[in-house]
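Undergrad: Residue numbers for the sequence shown, in the numbering used here: 721 to 968. Glycine is no exception: its CB is placed at the ideal position from the N, C-alpha and C atoms. If you scroll down you'll find the structure; I have some questions about it.
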Amino acid sequence: MPPSETKPATSRGGVTQNVQATVPDPNYRPPESSQRTLLTDSEEESIFKTLFWTGCWDADINSISQPMCGPKRRALVIAVSYGVRSPPSPLTGTFLDAYKIIRLLVSKFGYLNEDICVLADVEDEVGRQNPRRSPDQRNIAEDYRFLFFAGHGYRRTEQLPSSIYEGIMPSDTSFKSFITCEDCACGVADGVSVFQSQKGKVIPHPATIIWGYRINEILASSLADGANLTVVFDVSATIIQANFLLID
């Protein structure tokens, strides 16, 4: 945990006190009667980054080889900001959303620090990321009870046959040139799927998108019979089919 920071002295009831601000323990539950210091969004995001880089929420979910059927709860929280790359456009607030979800899991649903794994493209002071905790395709876990993803969603509409595909864009999504041709049977019909770059119009390479059907396969294959799974996607796409998974 980062060192405490002492703020200027304040006076309460004629008694001068020093107010100490600390980075909160993710597992700490303050008494209901205690007074809370409201932090700004920027301060909370800074706390998230600090805790992330000091090793918090580093549950090794991928080490579990068998579907989980006991009472143990595990959560995977993914936050992708996409940094300064373009496309796609960088997102602000994904780290803050992830931090609020973590606090909710701990304070309301009894999760512990060791129950939570966080993948995020948080950079250190020299712009490096932790490859083991980067929200890319290879780090998608296969055994958890709660999944949260904050980042870009993606929808692709094929003309012939008429089909809609939806998925999420991990941090290592790559792009290729968007080329149209007359009466193209494999062209993208949905203009929202096209991104603008310095090289012109581009679309995500299909192999680097984590498609909805693949997410369904991963979640369903690792979920024991009768187990509950909660999935929250903060994206602009449907992604999960409720008739395929039990989502509460």
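1. Buried or exposed, going by whether 16 or more other CB atoms sit within 10 Å of the CB of Val804?
2. Helix, strand or coil: which one does DSSP assign to Leu759?
3. Less than 7 Å between C-beta atoms, sequence neighbours within five positions excluded: which residues of the same chain meet that for Ala779?
4. Might you give, ordered along the chain, the residues of its own chain that have their beta carbon closer than 7 Å to the beta carbon of Pro1057, omitting 5 neighbours on each side?
5. Tell me which residues share the same chain as Phe898 and place their Cβ nearer than 6 Å to its Cβ, disregarding the 5 neighbours each side in the sequence.
6. Between which two residues does the alpha helix (DSSP H) harbouring Asp835 extend?
7. With H, G and I counted as helix, E and B as strand and the rest as coil, what does DSSP make of Ser980?
8. If you reduce the DSSP assignment to three classes, tell me which class Ile923 lands in.
9. Buried or exposed for Phe829, going by 16 or more other Cβ atoms inside 10 Å?
10. Please state the DSSP three-state secondary structure of Ser883.
11. In this structure, how does DSSP classify Thr814 when only helix, strand and coil are distinguished?
12. Provide the residue(s) that pair with Trp931 in DSSP beta bridges, ordered along the chain.
13. Excluding the five sequence neighbours on either side, which residues of its own chain have a C-beta within less than 6 Å of the C-beta of Gln849, listed in chain order?
14. Where DSSP assigns a beta bridge to Ser917, which residues make up the other side?
15. Buried or exposed: where does Ser891 fall if 16 or more other Cβ atoms within 10 Å of its Cβ makes it buried?
16. With a CB to CB cut of under 8 Å and the five nearest residues on each side skipped, what residues in its chain are close to Lys919?
17. Quick check on this structure: which residue in Phe768, Arg934, Thr928 has the alpha carbon closest to the alpha carbon of Asp856?
18. Give every residue of the same chain whose Cβ lies closer than 7 Å to the Cβ of Gln786, excluding the five residues on either side of it in the sequence, and list them in chain order.
19. Compare the beta carbon distance of Arg875 and Ile884 with 8 Å and say whether it is the shorter of the two.
20. Output needed for Thr893: all residues of its chain with C-beta closer than 6 Å, excluding positions within five of it in sequence on either side, in chain order.
21. Using the beta-carbon count (16 or more within 10 Å), is Thr814 buried or exposed?
22. Pick out whichever of Arg934, Pro808, Thr774, Ala870 has its Cα sitting closest to the Cα of Lys820.
TA: The relevant details are as follows:
1. exposed
2. coil
3. Arg794, Glu834, Asp835, Ile836, Cys837
4. Since the first and last residues shown for the chain are 721 and 968, residue 1057 lies out of range.
5. Val914, Lys921, Val922, Ile923
6. Element bounds for Asp835: n/a, residue is neither H nor E.
7. The first residue shown for the chain is 721 and the last is 968, placing residue 980 beyond what the model contains.
8. strand
9. exposed
10. strand
11. helix
12. Gly887
13. Asp841, Glu843
14. Gly920
15. buried
16. Ser897
17. Thr928
18. Note that Gln786 scores 44 on pLDDT, short of 50, meaning its location in the model is unreliable; the coordinates nonetheless yield the value given after this. Excluding sequence neighbours, Gln786 sits near nothing in its chain.
19. yes
20. Pro924, Thr928
21. buried
22. Ala870
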